[in-house]
Amino acid sequence: MNPYPNSTVYVIDDDAGVRDALAWLLRSRRLLSETFDSAEAFEAHITREGFALREPTCALLDVRMGELSGLALFERLIERQLPKLMPVIFLTGHADVATAVKTVQRGAFDFCEKPFSDNALIDRVEQALAASAAALAAHRRRHELGERLAGLTEREHEVMRCVVDGLANKQVADTLGISVRTVEVHRARIFEKMGVRSAVELANLLHETGLP
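Following numbering that gives the first Met the number 0, the numbering of the sequence shown begins with 0 at its first residue and continues without gaps.
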């Protein structure tokens with residue numbers, strides 16, 4: 000059973016036979032797909048107004064296509080910081096170890112040579128969707144915490160930095176030139192706004208999400 004019923008697998012390949020075969024394979028495993036006959040068509044899709052990644056997704060991308068190759072499209076996806084949210088699995092009929100290694104190093108999820116095992120490909124697609132789900136959850140979490148941080152006053156930011164650095168209330172008060180009672184009030188408000196109960200929890204939260 001597909002754990003991500005609202006997920007989408009994008010199939011980008013200039014061979015109609017390959018597109019149809021992949022769409023059928025995905026459908027047989029209860030995976031929704033959208034097909035594109037060129038890198039240009041897919042790029043137009045993801046750059047249209049209102050496009051946003053809200054559900055798990057991945058892309059099956061042919062390496063060699065028309066004017067814009069799959070590799071060139073991948074570089075544009077990197078510029079848009081999409082490969083983590085939308086893992087890319089390259090498909091190619093021309094094995095090239097050097098290219099495979101390079102694309103994986105650049106952030107591609109996998110590199111599969113045609114003809115491929117249906118079961119093996121579906122396994123990788125499901126793993127890519129799981130990676131996408133985790134990345135989307137982390138992205139939403141960072142966005143949510145960014146909004147919470149934006150809700151702190153300038154003084155609360157100053158107090159928070161001191162608290163995260165491990166300073167006691169008296170040390171924070173001395174550093175900022177305010178009373179201990181004022182520090183206690185700010186500290187309580189910071190914990191409430193950030194949804195934490197301790198300085199350690201706050202520090203871990205900021206570290207895990209990569210926020211300052």
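The C-beta atom is built at its ideal place from N, Cα and C for all residues, glycine as well. Computed from a prediction, not measured in an experiment: that's the story for all the values here.
Where residue i and residue j are concerned, what is the direct C-alpha to C-alpha distance, given to the nearest angstrom?
i: alanine 43; j: glutamate 146; result: 31 Å
i: valine 62; j: isoleucine 11; result: 9 Å
i: valine 103; j: proline 55; result: 20 Å
i: threonine 46; j: valine 182; result: 47 Å
i: histidine 185; j: alanine 51; result: 37 Å
i: leucine 205; j: threonine 7; result: 31 Å
i: leucine 59; j: arginine 123; result: 10 Å
i: lysine 192; j: alanine 167; result: 20 Å
i: serine 68; j: glutamate 74; result: 10 Å
i: leucine 81; j: alanine 134; result: 10 Å
i: leucine 151; j: serine 178; result: 19 Å
Once you ignore the five residues that flank residue i on each side, which residues in its own chain have a CB closer than 6 Å to its CB?
i: leucine 72; result: Ala38
Can you name the residues that DSSP bridges to residue i?
i: cysteine 57; result: Val8
i: valine 62; result: Its beta-bridge partners do not exist; DSSP assigns none.
i: leucine 24; result: The partner list for leucine 24 (beta bridge, DSSP) is empty, contrary to what the question assumes.
i: phenylalanine 89; result: Leu60, Phe110
For residue i, which of helix, strand or coil comes out of DSSP?
i: phenylalanine 35; result: strand
i: valine 124; result: helix
i: valine 182; result: helix
i: valine 158; result: helix
i: glutamate 80; result: Here residue 80 is glutamine; the residue named in the question, glutamate, does not match the sequence. Note: glutamine 80 maps to coil in three-state DSSP.
i: serine 131; result: helix
Spatial neighbours of residue i within its chain, please: C-beta separation below 7 Å, excluding the five flanking residues on both sides.
i: arginine 154; result: His185
At what residue ranges does the region 92-122 contain a whole run of the alpha helix (DSSP H), taking only runs of 4 or more? 96-104
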